[in-house]
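Working notes, beginning with the structure itself.
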Amino acid sequence: MACNEPEAPPARSTENDALEAAAFRKLLAHLRQRTDVQNIDLMILAGFCRNCLADWYQEAAAQSGLAIDKEQAREHVYGMPMAEWKTRHQLPATPEQMARFDAAMRA
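Residues in the sequence shown are numbered consecutively from 33, following our numbering.
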């Protein structure tokens, strides 16, 4: 799935960074609780999914000089190895979801 990549916001204050980090942690906790929400539905409705968050996390790590690979980043976002999450929670995409996904990606 392709992730829409918004431009990074301009540099902010340390206080604002702390607030944004706290909000991100809450978002991750929320998504870990809401395993019923499928990545394809997130992509259809919001243009991003858990994998996108992991990609952005990995990108931020690289910009900070930290070496985090794709699997480590995804484990951080999913709260477990991605393969385990997929086995436990991911459902096959329906034809309707795929059609909506294709339409959303063309928009």
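Every residue, glycine too, gets a C-beta built ideally from N, C-alpha and C.
Could you tell me how far apart the beta carbons of residue i and residue j are, in whole angstroms, since I believe they sit closer than 8 angstroms?
i, j, result
"N63", "R82", "Looking at the sequence shown, residue 63 is not Asn but Leu. About 6 angstroms; that satisfies the 8 angstroms criterion."
Do residue i and residue j have their C-beta atoms within less than 7 angstroms of each other?
i, j, result
"A136", "I76", "yes"
"T46", "H121", "no"
Here's a check: name, in chain order, each residue in its chain whose Cβ is nearer than 8 angstroms to the Cβ of residue i, leaving out the five neighbours to either side.
i, result
"A93", "A99, I100 and A105"
Keeping to the same chain, check which residues put their C-beta closer than 7 angstroms to that of residue i; ignore five residues upstream and five downstream.
i, result
"L123", "Q70"
What residues in its chain sit with their C-beta under 6 angstroms from that of residue i, if we drop five residues either side in the sequence?
i, result
"Q103", "Position check: residue 103 holds Glu in this sequence, whereas Gln was assumed. Hits under 6 angstroms: none found."
Open item on the list: Below 8 angstroms, how does it come out for the stretch 124 to 136 and the stretch 94 to 112: are there three or more Cβ pairs, yes or no?
Closed with: no
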